[in-house]
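Using the working numbering, the first residue of the sequence shown is number 1126, and each one after it goes up by one.
Beta carbons are placed, not taken as given, at the ideal position from N, Cα and C, and that holds for glycine.
Nothing here was measured: the structure is a model prediction, and the numbers come from that model.
Input: a single structure, listed below in structure tokens.
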Amino acid sequence: MMSDDLFEQRESSSQIPFTRYKREERLKNASEKVRQLHNPDFIKRKGLIKSLTATRGLKFIFFAIIIFAAVNFTVFFLTADRNKGKIYGIKCELQSFTHNGKALANLKLGSVKIENTSLLPNLKQSENIELKETVKIQFTFFDKNENKIKSFLPEGIYTGAELRFFAEDETGTAKKIRADILIKDKILSLTKTIN
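Shown next as structure tokens:
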């Protein structure tokens, strides 16, 4: 008979196997994963991606959702209006609408505290300086084929208080408007479709 530590020694009988592995001895030499599998309290948990892609149907649904989200995200950023922005810390917003067959555009430059703007970069807190900056706006109206209909160039002085500019197109064919805002050496371009 063999005298190995992994085998149990039993008397020979027709009903009981002659040799049998000792499970405890085997598990002592086994890896951590094997010991966990033999532990009655161990529950193997799947990862999030593995549980979402466990079957062919779940894989199809998971990847369909990923592709749909990516396409939706891309289309949103390619076709969305960019009617809000900042230039030198000044919030700008372009609005448009139709009234009595005319396309109207309204551009608002928000109010700002002098110390919060980058128009005066070397400003000290104790200085009492007035903000006077020339603002030039070019409103451009486009039709549905992106052809230029009309352009309008108002000008004003920004003092830190809210400032509004407006333009109108009497033809009634304008479907999109672009406003290019020039302050000092920076340009901000805003676009909006006309409803």
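Between the region 1278 to 1292 and the region 1172 to 1182, the count of C-beta pairs closer than 8 Å stays below three; the two stretches do not touch. Relative to residue 1256, the option among 1266, 1268, 1237 and 1272 whose CA is nearest is 1237.
By the beta-carbon neighbour count (other beta carbons within 10 angstroms, threshold 16), residue 1312 is exposed.
Annotation: residue 1300 to residue 1183 spans about 44 Å, alpha carbon to alpha carbon.
Taking a C-beta distance under 9 Å as the contact criterion, residue 1219 and residue 1304 qualify as a contact pair. Going by C-alpha positions, residue 1225 is about 18 Å away from residue 1267. Residue 1319 and residue 1260 have their alpha carbons spaced roughly 24 Å apart.
As DSSP reads the structure, residue 1158 sits in no beta bridge.
For residue 1261, the beta-bridge partners assigned by DSSP are 1280 and 1307.
Pairing residue 1151 with residue 1170, the inter-Cα distance amounts to about 25 Å.
By the neighbour-count definition (other C-beta atoms within 10 Å, threshold 16), residue 1188 is an exposed residue.
By the Cβ-count criterion, residue 1294 is buried, with 16 or more other Cβ atoms from all chains shown falling within 10 Å of its own Cβ. Closest by C-alpha distance to residue 1210, out of 1199, 1149, 1166 and 1233, is 1233. In the DSSP assignment, residue 1230 is bridged to 1221 and 1292.
Counting along the chain, the unbroken alpha helix (DSSP H) around residue 1182 starts and ends at 1181 to 1204.
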